[in-house]
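Down below is the structure, laid out as structure tokens.
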Ligand code: DQA
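In the working numbering, the protein residues as written are 20 to 163.
In structure tokens form, the structure reads like this:
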């Protein structure tokens with residue numbers, strides 16, 4: 020019997036404001052609603068631990084903590100830290116499990132400053148523009 024896969028899903032700054040935050044870009048659902056939606060569609064096929072922080076150092080520590088866990092993969096939406104954080108890039112570089120970086124919006128169609136993705140250098144897969152399906156698709160990519 021194969022053991023059930025475990026995922027850590029990290030959301031960075033301002034993703035706790037989904038629903039209120041630029042709904043024309045990020046959609047109308049709040050983060051708890053996206054989590055609910057994702058969990059329902061996953062139908063207990065895996066175990067998900069969801070984490071959100073607005074603080075760079077807390078995200079770095081959470082990533083470091085993965086080392087002593089049995090998570091099968093990390094899904095991360097670093098938010099704006101994707102464009103700026105060498106510290107998060109370095110922490111991701113420590114991990115040996117697949118890292119799937121997601122962005123709800125398609126940043127390629129947005130401002131120039133969003134075209135730099137520091138954290139993507141440590142990511143195995145990058146998925147963008149899937150909106151509320153971003154986390155679901157990222158997790159499913161590891162269940163095939
Ligand atoms: C985002 C894109 C980032 O540029 C932005 O700073 C975010 C959200 C996304 O999910 O589309 O906070 O990561």
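Think of the CB as a built atom: it goes at the ideal place given N, C-alpha and C, for glycine as much as any other residue. The structure presented is a predicted model; accordingly, all values stated were derived computationally and were not measured.
When you measure from the CB of residue 155 to every non-hydrogen atom of the ligand DQA, does any distance come out below 7 angstroms? Within the chain shown, residue 155 is the residue found at index 136, counting from 1. No - the ligand DQA has no heavy atom lying nearer than 7 angstroms to the Cβ of residue 155.
Within 10 angstroms of its Cβ, does residue 63 collect 16 or more other Cβ (buried), or is it exposed? Here residue 63 refers to the residue found at position 44 of the chain shown. It counts as exposed.
Go ahead and label residue 98 buried or exposed: buried means 16 or more other beta carbons lie within 10 angstroms of its beta carbon, across all protein chains shown. In the chain shown, the residue the question calls residue 98 occupies position 79. Buried, because 16 or more other Cβ atoms sit within 10 Å of the Cβ of residue 98.
Considering only C-alpha positions, which residue in the set 100, 22, 159 is nearest to residue 72? By 1-based counting over the chain shown, the position of residue 72 is 53. Here the closest residue by C-alpha is 100.
Top-ranked residue by Cα proximity to residue 168, from 68, 111, 113: Beyond the ends of the chain as shown, which are 20 and 163, falls residue 168; an answer cannot be given.
Can you check which of these residues, 90, 152, 103, 143, is closest to residue 125 by C-alpha distance? Locating residue 125 in the chain shown gives position 106, where the first residue counts as 1. Between residue 125 and the set 90, 152, 103, 143, the nearest pair of CA atoms involves 152.
Just confirm the distance between the C-beta atoms of residue 118 and residue 111, as a whole number of angstroms; I'd bet it's less than 8 angstroms. If you number the chain shown from 1, residue 118 lands on position 99. If you number the chain shown from 1, residue 111 lands on position 92. With a beta-carbon spacing of about 6 angstroms, residue 118 and residue 111 fall inside the 8 angstroms limit used to define contacts.
Are residue 107 and residue 77 close, meaning C-beta to C-beta below 8 angstroms? Counting from one through the chain shown, the residue named residue 107 turns up at place 88. Counting from one through the chain shown, the residue named residue 77 turns up at place 58. No. Outside cutoff.
Quick check: does the Cβ of residue 133 come within less than 7 angstroms of any heavy atom belonging to the ligand DQA? Taking the first residue of the chain shown as 1, we reach residue 133 at position 114. Yes; taking the cut-off as 7 angstroms, the Cβ of residue 133 has a heavy atom of the ligand DQA nearer than that.
Is the beta carbon of residue 140 sitting closer than 8 angstroms to the one on residue 102? Numbered from its first residue, the chain shown carries residue 140 at position 121. Numbered from its first residue, the chain shown carries residue 102 at position 83. It is not a contact, given that the beta carbons lie outside the stated cut-off.
Sheet register partners of residue 122 (DSSP bridge): Indexing the chain shown from 1 puts residue 122 at position 103. When beta bridges are read from the DSSP output, residue 122 appears opposite 147.
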